[in-house]
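K.L.:
Take the sequence shown: its letters are residues 992 to 1342, numbered as in our numbering. For every residue, glycine included, the Cβ atom is placed at its ideal position computed from N, Cα and C. Keep in mind that this is a model prediction, so the values were computed, not measured.
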Amino acid sequence: MRTELLDLLQCPNCSSGELELIQKENNGSYIKNGEITCFSCGLKMGINGGILNSVFRLNPEAQDELEGHKIMLLRERNGLTDEWLLGLPDSYSIIYPDREWVDELADTQDLIKRISLSSGALILDLGAGTCWATNLLTQLGFRAIALDISTEKFVGLDSAEIFINYYGNYFERVLSDMGFELPFKSNSFDGVFCRSSIHHSHNIKKTIAEIKRVLKPKGKLGIIEASKGIFDKQKTFGQKEKCIYKINEHIYSYIEYKGMLRESGFEFTVYNVPSLWKKFDLFSQGKKPKIKLPLKHKIVSFAVRLFWKNSCIKRLIKKIISNYYVLLAYLFGLQVIIIAHKREDKIDKKT
């Protein structure tokens, strides 16, 4: 980490901003090893390999997920190289063939465009994982901080060093459990990004409340998440990840996200993801994912094969879906982009 990060930090245990930094190893660019101590409660946070470790307690779900990452890496080790990391997100499909159906780069670029922050804005990438998107943010001129519960290379924060060395764009990495208090002062960030990550939280309401706290008064929250429809009964998705790797794959409906965001003081707008059109293109080519499709997806696949190749009908379908996407997400469960902002300005005017 660099010393500038200290200005943003507070103790995750007692919320004090009175912290002492001790450097043990500095490579001339950043502090590789050291320690931060809270003057108020005495909590010590280590710095290892440039990563600040603010974790001082672990929820059992988070502990299971960390163990699951190790199991997953042992099973999926073949093909995981530095080149694979640098090829993300497109190279996900090499290890996980079904990721071919998701255009993560297009979805993330659309999220960045819709959140509409100026170059130089400070963004927290919450649940950053391999940090490929954090790296993208720095390439676009933003200041970014990657936060995740794992340091394991190829799934967690240790992956960042590959991007930093290759592209030459430095960004901070913080080890933290998003289900507890975040180790940042209030009103610190211009934006918070959650790309398919917030559903991993063991306490999503607490996570959303903490996001609101660390956002500046006019800060924005950008979320990409799958949702379940009113007829879906499942409580999790990604059964392989949940059952074999112990990865927390909670799934919430659009109504649940709506309720939690409004309860925490956010106003928001919902958009469709560009990946939806990629899925339709693949369906129109007669392709099928390697997982068993639910009935609703089979019906969509059949309809797309009939009509998607007609350019006029294709434009009409896109327009209808875009205009009624919230309703469709509510009924059938779809991946959504949510752009939210704090309601504090309205509250201040009333008081």
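1) Let me make sure I understand the geometry here. Which of T1142, L1138, H1241, F1180 has the alpha-carbon closest to that of K977?
2) Alpha carbon to alpha carbon, how far is L1131 from L1079?
3) Name the residue from A1331, R1334, V1327 whose alpha carbon lies nearest to the alpha carbon of E1095.
4) Looking only at C-alpha atoms, which of I1155, V1146, V1317, L1000 sits nearest to A1217?
5) Identify which residue in E1074, P1088, G1111 has its Cα closest to the Cα of W1123.
6) Is it buried or exposed, Q1001, if we count other Cβ atoms within 10 angstroms and call 16 or more buried?
7) State the start and end residues of the unbroken beta strand (DSSP E) segment that holds H1193.
8) Could you tell me which whole beta strand (DSSP E) segments of length 3 or greater appear in the segment 1061–1137?
9) Counting Cβ pairs closer than 8 Å, one from the segment 1108–1126 and one from the segment 1032–1045, do we hit at least three?
10) State buried or exposed for S1007, treating a residue as buried only when at least 16 other CB atoms are found within 10 Å of its CB.
11) I need the DSSP call for G1025, collapsed to helix, strand or coil.
12) Start and end of the alpha helix (DSSP H) containing K1269?
13) Look up N1239 in the DSSP assignment and say whether it is helix, strand or coil.
14) Taking DSSP as the reference, what is the three-state secondary structure of Y1343?
15) Classify L1010 as helix, strand or coil using the three-state DSSP reduction.
16) Ends of the alpha helix (DSSP H) at L1043?
17) Can you check which of these residues, G1220, L1319, F1257, E1067, is closest to V1183 by C-alpha distance?
18) Determine the direct distance from the alpha carbon of H1332 to that of K1289, and round the result to whole angstroms.
19) Locate the alpha helix (DSSP H) running through R1296, then write down its first and last residues.
20) Which one of Y1157, K1249, K1104, R1048 has the shortest CA to CA distance from L1363?
21) In the structure shown, what three-state DSSP assignment does E1201 receive?
22) For E1240, which option in D1101, P1003, S1188 has the closest C-alpha, if you only look at C-alpha atoms?
23) Expressed to the nearest angstrom, what Euclidean distance is found between the alpha-carbon atoms of Q1230 and L1297?
24) Who does F1175 pair with in a DSSP beta bridge?
25) Determine the DSSP secondary structure at I1308, reduced to helix, strand or coil.
26) If you drop the 5 nearest sequence neighbours on each side, which residues of the same chain put their C-beta closer than 6 Å to that of E1011?
27) The beta strand (DSSP E) that contains K1249, what's its start and end?
28) What residue from E1201, C1185, H1190 has the CA that sits closest to G1343's CA?
29) Can you give me the C-alpha to C-alpha distance between T1260 and Y1248, rounded to a whole angstrom?
30) I'd like to confirm the pairing. Which residues does DSSP put opposite L1206 in its beta bridges?
P.N.:
Concretely, from the data shown:
1) The question about residue 977 has no answer, for the chain in this structure spans 992 to 1342.
2) Here residue 1131 refers to the residue found at position 140 when the sequence shown is read from its first residue. Here residue 1079 refers to the residue found at position 88 when the sequence shown is read from its first residue. The straight-line gap from Cα to Cα measures roughly 16 Å.
3) For the purposes of this step, residue 1095 is taken as the residue at position 104 of the sequence shown. For E1095, the nearest C-alpha among the options comes from V1327.
4) What you label residue 1217 is simply residue 226 of the sequence shown in a count that begins at 1. Comparing Cα positions, the closest option is V1317.
5) Residue numbering aside, residue 1123 sits at position 132 when the sequence shown is read from its first letter. The residue with the shortest Cα to Cα distance from W1123 is E1074.
6) In the sequence shown, residue 1001 corresponds to position 10, counting from 1. It is buried - the Cβ of Q1001 has at least 16 other Cβ atoms within 10 Å.
7) By one-based count along the sequence shown, residue 1193 stands at place 202. Neither: H1193 is in no beta strand (DSSP E) and is coded neither H nor E.
8) 1113–1117
9) no
10) Indexing the sequence shown from 1 puts residue 1007 at position 16. So S1007 ends up on the exposed side.
11) To locate residue 1025, count along the sequence shown from 1; it is residue 34. G1025: strand per DSSP, three-state reduction.
12) Residue numbering aside, residue 1269 sits at position 278 when the sequence shown is read from its first letter. Counting along the chain, the alpha helix (DSSP H) containing K1269 begins and ends at 1266–1275.
13) Position 248 of the sequence shown holds residue 1239. In this structure, N1239 counts as coil in the three-state DSSP scheme.
14) Because the chain spans 992 through 1342 in this model, residue 1343 falls outside it and cannot be assessed.
15) Here the question's residue 1010 lines up with position 19 in the sequence shown. If DSSP states are grouped into helix, strand and coil, L1010 belongs with the strands.
16) Here residue 1043 refers to the residue found at position 52 of the sequence shown. Where L1043 is concerned, there is no enclosing alpha helix (DSSP H), although the beta strand (DSSP E) it sits in stretches over 1042–1044.
17) Within the sequence shown, residue 1183 is the residue found at index 192, counting from 1. When only C-alpha atoms are compared, the closest one is F1257.
18) Translated into positions along the sequence shown, residue 1289 becomes position 298. Translated into positions along the sequence shown, residue 1332 becomes position 341. Looking at the two C-alpha atoms, the distance is approximately 36 Å.
19) Translated into the one-based positions of the sequence shown, residue 1296 becomes position 305. Per DSSP, R1296 belongs to the alpha helix (DSSP H) from 1286–1298.
20) Nothing about residue 1363 can be read from this structure; the chain reaches only from 992 to 1342.
21) By one-based count along the sequence shown, residue 1201 stands at place 210. Correct three-state label for E1201: helix.
22) One-based indexing of the sequence shown puts residue 1240 at position 249. For E1240, the nearest C-alpha among the options comes from S1188.
23) For this step, residue 1230 is matched to residue 239 along the sequence shown. For this step, residue 1297 is matched to residue 306 along the sequence shown. Any answer about Q1230 is weak, because its pLDDT of 48 lies below 50 and its placement is not dependable; what the coordinates show is given next. Computed Cα separation, rounded: 31 Å.
24) To locate residue 1175, count along the sequence shown from 1; it is residue 184. In DSSP, F1175 forms a bridge with L1000.
25) In the sequence shown, the residue the question calls residue 1308 occupies position 317. Helix, per DSSP.
26) By 1-based counting over the sequence shown, the position of residue 1011 is 20. For E1011, where only same-chain residues beyond five positions count, the Cβ hits under 6 Å are T1028.
27) For the purposes of this step, residue 1249 is taken as residue 258 along the sequence shown, with counting starting at 1. From DSSP, K1249 is part of no beta strand (DSSP E) but of the alpha helix (DSSP H) over 1245–1254.
28) What the structure shows of the chain is the stretch from 992 to 1342, and residue 1343 is not part of that stretch, so it cannot be assessed.
29) Mapped onto the sequence shown, residue 1260 falls at position 269. Mapped onto the sequence shown, residue 1248 falls at position 257. Taking the straight line from one Cα to the other gives about 12 Å.
30) Position 215 of the sequence shown, counting from 1, holds the residue named residue 1206. Beta-bridge pairing links L1206 to F1180.
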